[in-house]
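Structure record follows, encoded as C-alpha cells.
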Amino acid sequence: MSSGTSDTTRTGPGPGTDGDRTATGATAPDPETAAQPVNAGQPSDAVQPDVPGSRRKTGKAAVAEEPATSPDSAPAPASEDTRTSKAVRDGEKTEDDDRAEDDKKAKDTSKTEDGKQAEDGSRTEKGSKAKDSGTAKDGKDAPGGADTDAEPADPWQAFGPAPATVPGRVRRATRAVGRFLVHEWTLATLGSLVLAVLLTWPTLRYPLYTLPQDFYDPALQAWQIAWSGHILLTDPAQLWQANTFYPESWSFAFSDTLLGYAPAGMIGTGPEAAMLRYNVLFVLAHALATLGAYALARQLGAGRIGAAVAGVSYAYAPWLLAQAGHLHVISNGGIPLALAMLARGHGWSLRYGYRPKRRHAGWALAGWLVAAWQLSLGFGIGLPFAYVLAGVVLVATLTWYLRRYWIRPVRHPFGARLLITDVVGGLVFAATGVLLSIPYFTVAEQHPNARRSIGDIDIYSPPAVGFLTAPAESRIWGGLHEGARAALPWHPEMTLLPGFVLYALALGGLFFSVWRLRHRLLLLAGVLVSMVLAMGTRFFGGTFTYVPLVEHLPGWDGIRTPGRLMLWTTLLLGLLAAGTLTAFAMRVREIAAQRVPAWPGPWLRTATLLPLLLVVVEGLNATPHPVVPPQPAAMRTVQGPVLVLPSGQNLDQPVMLWTTTKFQDVVNGGSGFTPVKLAETREATQTFPDPASIDHLRRLGVRTVVVPRGQAAGTPFELAVEMPVDALGIRREEIGDAVVYHL
Numbered sequence: 007m008s009s010g011t012s013d014t015t016r017t018g019p020g021p022g023t024d025g026d027r028t029a030t031g032a033t034a035p036d037p038e039t040a041a042q043p044v045n046a047g048q049p050s051d052a053v054q055p056d057v058p059g060s061r062r063k064t065g066k067a068a069v070a071e072e073p074a075t076s077p078d079s080a081p082a083p084a085s086e087d088t089r090t091s092k093a094v095r096d097g098e099k100t101e102d103d104d105r106a107e108d109d110k111k112a113k114d115t116s117k118t119e120d121g122k123q124a125e126d127g128s129r130t131e132k133g134s135k136a137k138d139s140g141t142a143k144d145g146k147d148a149p150g151g152a153d154t155d156a157e158p159a160d161p162w163q164a165f166g167p168a169p170a171t172v173p174g175r176v177r178r179a180t181r182a183v184g185r186f187l188v189h190e191w192t193l194a195t196l197g198s199l200v201l202a203v204l205l206t207w208p209t210l211r212y213p214l215y216t217l218p219q220d221f222y223d224p225a226l227q228a229w230q231i232a233w234s235g236h237i238l239l240t241d242p243a244q245l246w247q248a249n250t251f252y253p254e255s256w257s258f259a260f261s262d263t264l265l266g267y268a269p270a271g272m273i274g275t276g277p278e279a280a281m282l283r284y285n286v287l288f289v290l291a292h293a294l295a296t297l298g299a300y301a302l303a304r305q306l307g308a309g310r311i312g313a314a315v316a317g318v319s320y321a322y323a324p325w326l327l328a329q330a331g332h333l334h335v336i337s338n339g340g341i342p343l344a345l346a347m348l349a350r351g352h353g354w355s356l357r358y359g360y361r362p363k364r365r366h367a368g369w370a371l372a373g374w375l376v377a378a379w380q381l382s383l384g385f386g387i388g389l390p391f392a393y394v395l396a397g398v399v400l401v402a403t404l405t406w407y408l409r410r411y412w413i414r415p416v417r418h419p420f421g422a423r424l425l426i427t428d429v430v431g432g433l434v435f436a437a438t439g440v441l442l443s444i445p446y447f448t449v450a451e452q453h454p455n456a457r458r459s460i461g462d463i464d465i466y467s468p469p470a471v472g473f474l475t476a477p478a479e480s481r482i483w484g485g486l487h488e489g490a491r492a493a494l495p496w497h498p499e500m501t502l503l504p505g506f507v508l509y510a511l512a513l514g515g516l517f518f519s520v521w522r523l524r525h526r527l528l529l530l531a532g533v534l535v536s537m538v539l540a541m542g543t544r545f546f547g548g549t550f551t552y553v554p555l556v557e558h559l560p561g562w563d564g565i566r567t568p569g570r571l572m573l574w575t576t577l578l579l580g581l582l583a584a585g586t587l588t589a590f591a592m593r594v595r596e597i598a599a600q601r602v603p604a605w606p607g608p609w610l611r612t613a614t615l616l617p618l619l620l621v622v623v624e625g626l627n628a629t630p631h632p633v634v635p636p637q638p639a640a641m642r643t644v645q646g647p648v649l650v651l652p653s654g655q656n657l658d659q660p661v662m663l664w665t666t667t668k669f670q671d672v673v674n675g676g677s678g679f680t681p682v683k684l685a686e687t688r689e690a691t692q693t694f695p696d697p698a699s700i701d702h703l704r705r706l707g708v709r710t711v712v713v714p715r716g717q718a719a720g721t722p723f724e725l726a727v728e729m730p731v732d733a734l735g736i737r738r739e740e741i742g743d744a745v746v747y748h749l
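Using our numbering, read the sequence shown as starting at 7 and increasing by one per residue.
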C-alpha cells in the first residue's frame, strides 16, 4: 500500500508504464518510471487548491497510471473521490475515442503534467494540462478547455536536416527549361546549327542575292522547291506537269525534285524568296547531316567526342565541298538519322548488342518516316539508301531467325507492337519509293536519252587517285592538289578525298577501338565495297561491281555519277574513327582516376579535342558565292508560253528561277538531260527573229519571246534585237532592260 490516504487514487503515470494494483483498485506507479510531481519544489505538506474534479495530494505522492481496461476485466471498487476523478477522465476519453474512430487506432491516453503528448499520438486539450489527478493548471475543469493543434517543438530538430521546400510553378518551369537547355541533344542540335553557319559562311551573308558554288544547278533547285510548294497549294494534281520545258509533260521528273522540301516552298514568292529559302535549307542540310551522323554514332555506342568527329567528318568532308551546288547531295542527313532511330527503336547497339528493354515502337516508326522523307529528296542519294536499308532489314531478319531457332537458340523478345510498326513503316517507305518512281519510269519511257548508258557512267567514273585528291573548294588542300585535279577527266565528280585526318583516325580504329573485332572488320569491308562501287567502271571495267547493278537493279540506270557513293565510305570511316576516339577517351578517364582530384588535366583534355579540331579545320571551304542575275521586269508581267533567248543548259536554269513570280509556262529548262523538242527549238531559234523561227515557235504554241539585253550581250541576239520586225507580222516592245516580242 502506497503512502497517503487509503482512499486516494494517484494519476498521471509516466508514458508507457504499468503500475501495481492499490487497495482501491488503482494502479501504483513503478518506482523507476513514475513521473516527477509538479510540486516537487514545494514543502511536503503543501496542497493544491480545491478544484472540482481534482484531489489534494502531498508532494511525496507519486503519480499513478490509470489501468487500461478491457471488455473482459471487471471494474475495481473505487471511492467517491476516485469516481469523481474518473468522471473527468471519462470526458477526456470520449474525445479521444472520437479521434480514434477516424484513424482506427483507439487507445486510452492520459495527460501529462506539462501537456506533452502520449506515445499513441493523441493531443492534449488546451487549458487541461493536469499537474496530477486531472487538475488543470489554471484551476479550471480539464474538459472545459479548448483543443489546441500546436505541437511542442522538438529540441533535437535543430540538429536534423533542413526540411525540403516545395518549389513553386515558376521555379519548376525554370528548372525544366534549364534541364532542357543543358541536355545532350539540345547542345548537339545547337552545336550543329552554329557549326553549319560558320563552316558554310558566307552563305547567309547575302542570302537574297547569292547562291553557293554557282547560279546554275542551285538556281534550278531553288525553282524546284518553289514550284513544289506553289503547286501543292494551288493545284496538287499538276505537280509533275511543271511550268518549264513547255510543251513537255512530266517535266518535274526530269531531275531530282527535292519534294521533301515542299513545305518550305509554300513560304514566300519570287526569286528573292526562292534564293533565301535555298540558302537557309543549304545551311540546315549541313546541320542535319552533322546531327544525324552524331546520333548514329552515339546509338551504336560511341562517346561524345567520337560521335562529334563522325558527325563533322560526314557533313564537311573535303570531297563534299565540290558538291556545294547540288543540294540533293548535301541533303543526306536523313540517312544516318533514320538508321539511328531504327536502331534505337529496336534496342540495338553495335557496342552492346540487342537489349530488349530498350525497344521503342515510336522510335522505329520515326525512323521509317525519316527514311521515307529522305527518299523524297531525290533518288540520286535516296536510291542507294533504299537498297542498303532493304539489305539491312533482310540481314537482320535472317540473323534473328537463325539465332532464335538454329544458332544458340535463345528466345529474345521482339514484341507484336514493334513488328506491326516495322510492317507499317516498311510499307510507308516502300509506297513512297514506288509512287515517286512512277514519274521517272514514265520519263525514261518517253525520253530514252534520259537513261544512263555504261558509256555515260564511264565518263564520270573516278580513278583510284581521286580518293586522295581534294577539290578546289577546299581551303586547306585545294591549292596543293591543283596538279592532281588537272589529271582527272572530270574533276568536279572525281575529287573524292574524305579527309586525311579521317583516314588516320579510321586506320587507328582498326587496332584500338571500343568496337569488337568482327564489327571493325565489317566496317572495313563496307568501306572497301563502297569505294569500289564509287569507282564505277574504273575498277576492272565494273564488270563484277557497278555494271551488274545498272543492268539488273531498277533505278540504277538513272544514276550517272557513281562517285557520290563516297557518302557511304565517309560515314563508315567516321564510325571507325568514333570507335578509336571513344577508346582513347576511356583511357584518359582511367588515367585521370589516378589523379587527385580525379579530373583530366589540360593536356589530356586537349588531346581528346584535338582530332575534332583537325577534322573541322580540314572541312573549311573556299566555295564561291556569285550574285544571281536579277529577274527582268518583263518576267513579272508577260503571260506564257514564253521563250527566253538566248537558250542553253546553263542559261536556262536562272530563267527557271525568274518564273517563280507568276509560274508562267516557259520553253526553257535545264536538267540532267535535254529533251528532243527543246534541242530542236534551240537550234531553230538561233536566227530569231526570222520567218522560220517564228513559224516554229507558233507551231509550238509560243506567243511571247523575251530577250534580256544582259543575257544577249556577246551573242548573235545582241544585234538581232535592233532589227526591224514590221514585215514579220510580230510586235516588239521594251520592258525595262528586256526586249519583248509578241508573236
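For each residue, glycine too, the CB sits at the ideal point set by N, CA and C.
Fair warning: this is a prediction, and the values are worked out from it, not measured in the lab.
Reduced DSSP secondary structure (H/G/I, E/B, other) of K683:
In this structure, DSSP gives K683 a helical state, which the three-state scheme calls helix.
Would you identify the three-state DSSP class for R737, choosing helix, strand or coil?
Strand.
By DSSP's criteria, N627 is part of a beta bridge. Which residues make up the other side?
Paired residue(s): S480.
Taking the alpha helix (DSSP H) that A168 belongs to, which residues open and close that run?
Per DSSP, A168 belongs to no alpha helix (DSSP H) and is neither H nor E.
What are the partner residues of W354, as DSSP defines its beta bridges?
Beta bridge pairing from DSSP links W354 with Y360.
Quick check on DSSP: helix, strand or coil for R365?
In the displayed model, R365 falls within a strand according to three-state DSSP.
Does the segment 554 to 574 come close enough to the segment 454 to 470 to have 3 or more Cβ pairs within less than 8 Å?
Three or more Cβ pairs closer than 8 Å define a contact, and the segment 554 to 574 meets that threshold against the segment 454 to 470.
Do you know whose CA, among L327, L226 and L404, lies nearest M572's CA?
Comparing alpha carbon positions, the residue from L327, L226 and L404 closest to M572 is L327.
Check the Cβ-Cβ distances between R304 and every residue of chain E, and say whether any is below 9 Å.
The structure shown has no chain E; it contains just one protein chain.
Quick one: what does DSSP say T612 is sitting in, helix, strand or coil?
It is helical.
So is the beta-carbon of G548 under 8 Å away from any non-hydrogen atom of the ligand SAH?
Questions concerning the ligand SAH fall outside what the structure shown contains, since it holds no ligand whatsoever.
Between V399, V398, R457 and F186, which has its C-alpha nearest P681's C-alpha?
Nearest option by C-alpha distance: R457.
In chain order, what residues of the same chain lie with their CB nearer than 6 Å to the CB of N656, ignoring the 5 residues before and after it?
Excluding residues within five positions, the ones whose Cβ falls inside 6 Å are Y222.
Taking buried to mean at least 16 other C-beta atoms within 10 Å of its own C-beta, is S459 buried or exposed?
Exposed is the call here.
Keeping to the same chain, check which residues put their C-beta closer than 7 Å to that of T693; ignore five residues upstream and five downstream.
Closer than 7 Å at Cβ, skipping near neighbours: S699.
Using the three-state DSSP reduction, which class does T438 fall into: helix, strand or coil?
Helix.
With C-beta atoms as the reference, is L508 less than 9 Å away from L587?
No, they are not a contact pair.
With DSSP as the reference, label L245 as helix, strand or coil.
Three-state result, L245: coil.
Have a look at P390 and V335 and give me their C-alpha separation to the nearest angstrom.
Rounded to whole angstroms, P390 and V335 show a C-alpha spacing of 12 Å.
Are the CB atoms of P218 and D671 nearer to each other than 9 Å?
For P218 and D671, no; Cβs fall outside 9 Å.
Whole angstroms is fine: what's the gap from A613's alpha carbon to R593's?
Looking at the two C-alpha atoms, the distance is approximately 12 Å.
V286 lies in the alpha helix (DSSP H); which residues open and close that run?
Run containing V286: G276 to L306, per the alpha helix (DSSP H) assignment.
In its own chain, which residues sit with a C-beta less than 7 Å from the C-beta of L199, not counting the 5 before and 5 after it?
Result list for L199: A293, in chain order.
Paired residues, beta bridge with P714 - DSSP
Within the DSSP secondary-structure output, P714 pairs in a beta bridge with A744.
Would you give the residue range spanned by the alpha helix (DSSP H) that L663 belongs to?
Element bounds for L663: Q655 to W664.
Beta-carbon gap between A344 and V376 smaller than 9 Å
Yes, the Cβ-Cβ distance between A344 and V376 is below 9 Å.
Buried or exposed for G720, going by 16 or more other Cβ atoms inside 10 Å?
Its Cβ having fewer than 16 others within 10 Å, G720 is exposed.
I'd like to know whether the C-beta atoms of S234 and L204 end up nearer to each other than 9 Å.
Against a cut-off of 9 Å, the Cβ pair of L204 and S234 comes out as no contact.
Assess, as a yes-or-no matter, whether the segment 255 to 265 is touched by the segment 447 to 454 under the definition of 3 or more beta carbon pairs within less than 8 Å.
Yes, since at least three Cβ pairs between the segment 447 to 454 and the segment 255 to 265 fall closer than 8 Å, the two stretches touch.
Assumed close pair V727, A640 - CB separation to whole angstroms, cut-off 8 Å
Taking the Cβ atoms as the reference, V727 lies roughly 13 Å from A640, outside the contact range of under 8 Å.
Could you give the distance in angstroms between the alpha-carbon of Y552 and the alpha-carbon of T543?
So the alpha carbons of these two residues sit roughly 7 Å apart.
Should L214 be labelled buried (16 or more other beta-carbon atoms within 10 Å of its own) or exposed?
Counting the other Cβ atoms within 10 Å of the Cβ of L214 gives fewer than 16, which makes it exposed.
Applying the criterion that 16 or more other CB atoms from any shown protein chain within 10 Å of the CB defines a buried residue, is Y747 buried or exposed?
Per the 10 Å Cβ criterion, buried.
Check for me: the alpha helix (DSSP H) holding V520 runs from which residue to which?
Element bounds for V520: n/a, residue is neither H nor E.
For R642, which of P660, L734, I741 and V708 has the nearest alpha-carbon?
R642 has its Cα closest to that of I741, out of P660, L734, I741 and V708.
Going by CA-CA distance only, name the one from R365, G625 and R737 that's closest to A478.
Per the Cα distances, G625.
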